[in-house]
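*Asks:*
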Amino acid sequence: MNFNDTPEEAAFRAEARAWLAANAAPRSAASSLLVNQETGDFTEELPRARAWQARKFDAGFGAIYFPKDVGGRGGTSMQNMIFMEEEARFDVPATNHFMIVNRGCCALLLKRGSAAQQRELVRASLRGDLIWCQLFSEPGAGSDLAGVRTRAERDGDAWIVNGQKIWTSNAHLADWGVLIARNDPTVPKHRGLTFFIVDMKAEGIETRPIKQLTGGSNFNEVFLENLRVPDACRIGEVGEGWKVVIAFLAGERSNIAIKELQPLIDSLLRLARQVSIDGRPAIEDGGVRERIASFYIREAGVRYTVQRMLTALSRNEEPGPEIAIGKLVLGTLVQEMTAFALDLMQAHGMVMDAAHAPFAGVWQTEWLGSVVDRLGGGTDEIMRNVIGERILGLPEDVRVDKGVPFNRIGGA
Amino acid sequence: MDFDFSPEQKEIQHQAARLLTEQCDLRAVRRVLEGEGPYDRALWKQVAELGWLGVAMPEECGGLGLGHGTLCVIAEELGRALAPLPVSSSIYLAAEAVLQAGDAQQRGELLPLLASGERIATLAAAEGMRSASATEQVLARVEAGRLSGTKLPVPDGMVADWAVVTARTTSSADGCDAECTGLFLVELDGPGVRREALQCLDPTRPQARIVFDAAPARPLGPAEGGAAALRRVLDRAAVLIAFEQIGGADAALAMSTEYAKIRHAFGRPIGSFQAIKHKLADMYTRNQLARSNAWYAAWALDASPDELPLAAAAARIAASDAYEFAAKETIQTHGGIGATWEGDMHLYYRRAKALMLGLDSPAHWRQRLVRALEDRLAA
Chain A
718 MNFNDTPEEA
728 AFRAEARAWL
738 AANAAPRSAA
748 SSLLVNQETG
758 DFTEELPRAR
768 AWQARKFDAG
778 FGAIYFPKDV
788 GGRGGTSMQN
798 MIFMEEEARF
808 DVPATNHFMI
818 VNRGCCALLL
828 KRGSAAQQRE
838 LVRASLRGDL
848 IWCQLFSEPG
858 AGSDLAGVRT
868 RAERDGDAWI
878 VNGQKIWTSN
888 AHLADWGVLI
898 ARNDPTVPKH
908 RGLTFFIVDM
918 KAEGIETRPI
928 KQLTGGSNFN
938 EVFLENLRVP
948 DACRIGEVGE
958 GWKVVIAFLA
968 GERSNIAIKE
978 LQPLIDSLLR
988 LARQVSIDGR
998 PAIEDGGVRE
1008 RIASFYIREA
1018 GVRYTVQRML
1028 TALSRNEEPG
1038 PEIAIGKLVL
1048 GTLVQEMTAF
1058 ALDLMQAHGM
1068 VMDAAHAPFA
1078 GVWQTEWLGS
1088 VVDRLGGGTD
1098 EIMRNVIGER
1108 ILGLPEDVRV
1118 DKGVPFNRIG
1128 GA
Chain B
913 MDFDFSPEQK
923 EIQHQAARLL
933 TEQCDLRAVR
943 RVLEGEGPYD
953 RALWKQVAEL
963 GWLGVAMPEE
973 CGGLGLGHGT
983 LCVIAEELGR
993 ALAPLPVSSS
1003 IYLAAEAVLQ
1013 AGDAQQRGEL
1023 LPLLASGERI
1033 ATLAAAEGMR
1043 SASATEQVLA
1053 RVEAGRLSGT
1063 KLPVPDGMVA
1073 DWAVVTARTT
1083 SSADGCDAEC
1093 TGLFLVELDG
1103 PGVRREALQC
1113 LDPTRPQARI
1123 VFDAAPARPL
1133 GPAEGGAAAL
1143 RRVLDRAAVL
1153 IAFEQIGGAD
1163 AALAMSTEYA
1173 KIRHAFGRPI
1183 GSFQAIKHKL
1193 ADMYTRNQLA
1203 RSNAWYAAWA
1213 LDASPDELPL
1223 AAAAARIAAS
1233 DAYEFAAKET
1243 IQTHGGIGAT
1253 WEGDMHLYYR
1263 RAKALMLGLD
1273 SPAHWRQRLV
1283 RALEDRLAA
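As they're listed, the protein sequences go chains A and B. When you line the first sequence up against the working numbering, it's residues 718 to 1129, in that order. When you line the second sequence up against the working numbering, it's residues 913 to 1291, in that order.
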């Protein structure tokens, strides 16, 4: 048992660190508290973020585990993790908020796309020259994603798509999207779905930003009206779209688990030393210490669970199912830790004014943003179902819509 | 990156699991619960012959010298099986105390007999509601080589041949200039020792009250280093017991999961209801958090003494929380049968609480954990 890199890993880490040091500045204390990098408004930041992604890509660090013939490094998932660890020490624009989906779409195209799609889209998407979005959730279908109502009707060598999508991150910035739509409402819901890629600049797509509780806007409503999608943009067989979605989403959940929360724990300790309760430093209060201990065992628990996953990757094995706990634990943890930090600040915890709030209001911003992590990429409740059914093998809930044609389901 | 046990350790764990499945099912645990004896003597003999007891002791002391990581994986299986054996008292506590505080002669004299299972030892530190680690509050005293005082609860105190006892001394003969708390070796069958079995929460982890009245005692290493050595022993034992806890918590989860699949209510398996499914998912999540913390502590045990206080406290808290939650919710998941003597669920409920309390309560360990975090921040 050891935490050391293998000689190959150490060599890669040194190379990554040297390149980062030559191309970026180290991270500041305040910016290391920003954990919800996926929930802000990126429109202004985007040109810098794309430039950084392109720079990484051109240097061989932007698409590490993708094959060389599409511009990747031909490296391993472990190298990708090492690069992310190293990159976290530098003050660089966040790229995950578009690259997680970009990478997922590229992996999908390499597996299921046509030669032309692979040639035209993959390299540019890995470099960040193209941006993708996921046209999945709908006002009436979130956790129950297979209940989508957006229709895709065949029209010669194309499909006509009508419907509404929602919570679509980056739709306003995207060049391409992945879409799940219903081609046949007369069969049970999982069987009547088909998966497409769509050109977001095509006629028939209208994007409206949703103002989030943080005040920023990164999610959108997307209205699809007589959108014409060539049949060549269909991925997988007609009616087999659900299988494609499942494979696609499996990647997203493991991506979210990798969050660096140690700086938050240290920062909470500092805060608890600064403020007082009943005339004594808050850090001396038993209740305060108990909460900090409870945060630490969960933070460390996830961190070492990730190390177990990395060990599997380092051996070129599949990580075990335990990584599924990461998203569930961290979502709640960030919400609890940020709420606790505000509690410690007392009335001052209400102040978000950058000039007057500690760390320029980052705790307040993170507290507001933390609600998103418990919802996006599978809600806490869905994650518990996943653990219960896929890991523990418990029977699935009775589904009253099972085997019922979609157009006969109550409420549909 | 190799954050995993070695193939050899996994093989030993596998063999331990197999032996315990065959030789120590819950009926064997019940025999001890129902008073057939203070521990399972036949099983004790077997595990001693297999070398489990000396697995982490150096070879020159009669051990196998395989390191504490190997003892951790064995502990996990002992915990999973609820093995009614004095391993924690004799090996995690007494043998560790000899390793941490004893001189070469004491190690050579005492450890081989513990490794072979011929002798059983224990740690007598607690004095009622005063915690084991509160060394400055100890009332027991040694004067002119004689110990007087009362210790309770003493784990496996009725079956132990000798004990490592915490006691105050002022004698330079004990290795102490001013007054201090040292560690002393006392023969429990010798003069000046009276002991009685206590009725307790988990009879498969029996406790005793021991009254010392001028019992002959000799220092285990210089008394001045006793308090620090005791802290190291508690940290190390906390890690080993955390492995027993995660083994037990996993066994409780497995029992609940199995039942939730077969028990039907309202026309379907209860495991299909989210109220049960989510409860078991939470059990799994806590167990995994505890496991990952325990693995890190297992690594620190042999590789990084500096990180051990933080790692041991985190492992202990996470494992105590996980096991207590798994045990109580296992009873809840089983419904009425869980509240009976006949149902096995209370075996986990009792053991979880006993392991949680036996080595300073969670509140102490939370204090230690936050102190370690503060030290790290100051460094």
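Every residue, glycine too, gets a C-beta built ideally from N, C-alpha and C.
#1: Return the residue from the list A:Ile1126, A:Val992 and A:Ile1099 that minimises the CA-CA distance to histidine 1065 of chain A.
#2: Taking the runs of the beta strand (DSSP E) that are 3 residues or longer, which of them lie wholly in the segment 1009-1097 of chain B?
#3: Measuring straight from C-alpha to C-alpha, what distance separates glycine 1003 of chain A and alanine 1275 of chain B?
#4: Short of 8 Å Cβ to Cβ, which residues in the segment 1006-1022 of chain B face chain A?
#5: Shorter than 7 Å from the beta carbon of threonine 982 of chain B to some beta carbon of chain A?
#6: Less than 7 Å between CB atoms is the rule here; does glutamine 1205 of chain B satisfy it with respect to chain A?
#7: Could you check whether isoleucine 781 of chain A and glycine 792 of chain A sit closer than 7 Å to each other, using their CB atoms as the reference points?
#8: So, is glutamate 1016 of chain A buried or exposed, given that buried needs 16 or more other C-beta atoms within 10 angstroms?
#9: Who are the neighbours of methionine 1054 of chain A on chain B, taking C-beta pairs under 7 Å?
#10: Should isoleucine 1229 of chain B be flagged as near chain A, meaning a C-beta pair shorter than 7 Å?
#11: Between the segment 1269-1289 of chain B and chain A, which residues of the former have CB atoms less than 7 Å from a CB of the latter, in chain order?
#12: Within 7 Å of any Cβ in chain B, is that where the Cβ of leucine 1027 of chain A sits?
#13: Closer than 7 Å, Cβ to Cβ, to anything on chain A: give me those residues from the segment 1163-1190 of chain B, in chain order.
#14: With distances taken Cα to Cα, identify the nearest neighbour of lysine 773 of chain A among A:Met795, A:Glu762, A:Glu761 and A:Met801.
#15: Once DSSP output is grouped into helix, strand and coil, what is the label at asparagine 879 of chain A?
#16: Work out the CA separation of arginine 1262 of chain B and proline 850 of chain A for me, nearest whole Å.
#17: Give me the Cβ distance between phenylalanine 936 of chain A and serine 886 of chain A, rounded to the nearest whole Å; I'm assuming they're in contact under 8 Å.
#18: Nearest chain A C-beta to aspartate 916 of chain B closer than 7 Å, yes or no?
#19: In whole angstroms, what separates the C-alpha of alanine 1127 of chain B from that of arginine 939 of chain B?
#20: Please classify glycine 949 of chain B: is it buried, with 16 or more other beta-carbons within 10 angstroms of its beta-carbon, or exposed?
#21: Please report how far the alpha carbon of isoleucine 1000 of chain A lies from the alpha carbon of glutamine 1012 of chain B, in whole angstroms.
#22: Please report whether the beta-carbon of alanine 1209 of chain B lies at a distance below 7 Å from any beta-carbon of chain A.
#23: Please confirm if leucine 1142 of chain B has its CB atom under 7 Å from at least one CB of chain A.
#24: Consult DSSP for glutamine 1279 of chain B and reduce its assignment to one of helix, strand or coil.
#25: Since histidine 1176 of chain B sits in a beta bridge, which residues does DSSP pair it with?
#26: Quick one: which unbroken alpha helix (DSSP H) runs of 4-plus residues sit fully inside the segment 1003-1057 of chain A? Chain order, please.
#27: What is the DSSP secondary structure of glutamine 754 of chain A, counted as helix, strand or coil?
#28: Identify which residue in A:Arg840, A:Lys906, A:Cys823 and A:Arg871 has its Cα closest to the Cα of alanine 1133 of chain A.
#29: Tell me which residues share the same chain as alanine 875 of chain B and place their Cβ nearer than 6 Å to its Cβ, disregarding the 5 neighbours each side in the sequence.
#30: Starting from proline 764 of chain A, trace the alpha helix (DSSP H) both ways and give me its first and last residue.
#31: Below 8 Å between beta carbons is the criterion; list the residues of the segment 1227-1254 of chain B that meet it against any residue of chain A, in chain order.
#32: Considering Cα atoms alone, identify which of A:Ile799, A:Val1117 and A:Gly996 is closest to valine 727 of chain A.
#33: Is there a C-beta anywhere in chain B that falls below 7 Å from the one on valine 1115 of chain A?
#34: For isoleucine 952 of chain A, count the other beta carbons within 10 Å of its own beta carbon; 16 or more makes it buried, fewer makes it exposed. Which is it?
#35: Give me whichever residues DSSP pairs with isoleucine 922 of chain A in a beta bridge.
#36: Could you tell me the alpha carbon to alpha carbon distance between glycine 1087 of chain B and arginine 1031 of chain B, rounded to whole angstroms?
*Replies:* Reading off the structure:
#1: A:Val992
#2: 1033-1036, 1053-1055, 1058-1067 and 1074-1081
#3: 9 Å
#4: none
#5: The beta carbon of threonine 982 of chain B sits no closer than 7 Å to any beta carbon of chain A.
#6: Correcting the residue identity first, residue 1205 of chain B is asparagine in this sequence and not glutamine. Interface residue, yes.
#7: Glycine 792 of chain A places its beta carbon less than 7 Å from that of isoleucine 781 of chain A.
#8: buried
#9: Result: empty, since nearest Cβ-Cβ is about 14 Å, beyond 7 Å.
#10: yes
#11: Arg1278, Gln1279, Leu1281, Val1282, Leu1285, Glu1286 and Leu1289
#12: yes
#13: Thr1169, Ala1172, Lys1173, Arg1180, Pro1181, Gly1183, Ser1184, Gln1186, Lys1189 and His1190
#14: A:Met801
#15: Here DSSP, grouped into helix, strand and coil, assigns asparagine 879 of chain A to strand.
#16: Checking the sequence shown, residue 850 of chain A turns out to be cysteine, not proline. Cα to Cα, cysteine 850 of chain A sits roughly 52 Å from arginine 1262 of chain B.
#17: Going by Cβ atoms, the distance from phenylalanine 936 of chain A to serine 886 of chain A rounds to 6 Å, so yes, they are a contact pair.
#18: yes
#19: 39 Å
#20: exposed
#21: 32 Å
#22: no
#23: no
#24: helix
#25: B:Pro1181
#26: 1003-1031
#27: Summary for glutamine 754 of chain A: the model assigns pLDDT 49, below 50, so the residue's position carries little reliability; its value from the coordinates is reported in the next sentence. Correct three-state label for glutamine 754 of chain A: coil.
#28: In the structure as shown, chain A begins at 718 and stops at 1129. Residue 1133 of chain A is therefore absent and cannot be evaluated.
#29: Since the displayed chain B opens at 913 and closes at 1291, residue 875 of chain B lies outside it and no answer follows.
#30: 763-775
#31: Ile1229, Ala1230 and Asp1233
#32: The amino acid occupying residue 727 of chain A in the given sequence is alanine; valine does not appear at that position. Cα-wise, what sits closest to alanine 727 of chain A is A:Ile799.
#33: Valine 1115 of chain A has a beta carbon lying within less than 7 Å of a beta carbon in chain B.
#34: buried
#35: A:Leu941
#36: Straight-line Cα distance between these residues: approximately 27 Å.
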